[in-house]
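Novice:
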Amino acid sequence: MEADALKELLIKAGRYTSRYEKTSKEVTEKLLTWSDGEIEPSEIEQIIDQLKSEKFIDEERYAERYVRDKLTMLKKGPILIRYELQERGVPSSLIQKALSAIPYDDWFLALEEYLSPKLARYKTKAKNEYDLRMRLVDAAYRRGYPSDIYEEVIDRLEIS
């Protein structure tokens with residue numbers, strides 16, 4: 000690929016990563032789209048390295064912000080967040096580090112905040128206490144929480 004075209008792709012990628020945090024995988028996919036697949040893997044690597052050196056791409060920062068945002072805004076659990084980060088191409092070590100940075104109590108509080116409004120609605124629909132509990136378990140499971148967290152949170156909620 001020509002030097003001018005590469006420089007143009009670098010500028011475009013810089014703009015793309017300056018607005019929102021992006022991973023190397025996301026930028027690679029965009030570069031392939033923008034170049035209609037004509038860009039060489041070595042050229043992609045060169046652009047990615049340049050963006051990393053200039054801190055346009057920082058996957059550790061991306062993982063930390065992603066975990067914090069998904070927990071606080073959407074009340075997602077660690078299992079679902081881990082899956083989403085893996086899909087975005089974040090290395091497992093960085094995912095683990097970002098998830099570990101969240102205090103264990105924050106996961107409990109987030110799930111409690113998520114399930115509390117559902118409890119009132121599920122109480123009217125549930126046939127019995129067991130059915131209510133299973134509905135809450137299902138909601139927590141779909142949100143990506145492990146059993147040790149959702150069991151304790153559900154036990155703390157006043158089901159009966």
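Numbering (numbering that gives the first Met the number 0), first residue to last: 0 to 159.
Glycine included, C-beta positions come from ideal geometry on N, C-alpha and C.
Would the region 59–70 and the region 92–101 be scored as touching if the rule is three or more Cβ pairs under 8 Å?
Specialist: yes
Novice: I'd like the span of the alpha helix (DSSP H) that includes SER52, first residue to last.
Specialist: In the sequence shown, the residue the question calls residue 52 occupies position 53. Its alpha helix (DSSP H) spans residues 40–52.
Novice: Apart from the five residues on each side of it in sequence, which residues of its chain come closer than 7 Å, Cβ to Cβ, to GLY13?
Specialist: Position 14 of the sequence shown, counting from 1, holds the residue named residue 13. Cβ within range, chain order: LEU50 and PHE55.
Novice: Can you grab the Cα-Cα spacing for the pair ASN127 / ARG142, in whole Å?
Specialist: Against the sequence shown, residue 127 aligns to sequence position 128. Against the sequence shown, residue 142 aligns to sequence position 143. Near 23 Å, if we compare the C-alpha coordinates of ARG142 and ASN127.
Novice: Can you check the region 23–108 for any beta strand (DSSP E) of at least 3 residues that lies completely inside it and give the ranges in chain order?
Specialist: none
Novice: Where do the N-terminal and C-terminal ends of the alpha helix (DSSP H) with GLY13 fall, by residue?
Specialist: The sequence position of residue 13 within the sequence shown is 14, counting from 1. Segment 2–18, the alpha helix (DSSP H) holding GLY13.
Novice: Going by the CB atoms, is the gap between LEU8 and LEU30 shorter than 8 Å?
Specialist: Locating residue 30 in the sequence shown gives position 31, counting from the first residue. Locating residue 8 in the sequence shown gives position 9, counting from the first residue. Yes, these two residues count as a Cβ contact at 8 Å.
Novice: First and last residue of the alpha helix (DSSP H) that includes LEU131?
Specialist: Here the question's residue 131 lines up with position 132 in the sequence shown. Its alpha helix (DSSP H) spans residues 128–141.
Novice: Sort ILE38, ILE46 and PRO90 by Cα distance to TYR61 and report the nearest one.
Specialist: Locating residue 61 in the sequence shown gives position 62, counting from the first residue. It is PRO90 whose Cα lies nearest to the Cα of TYR61.
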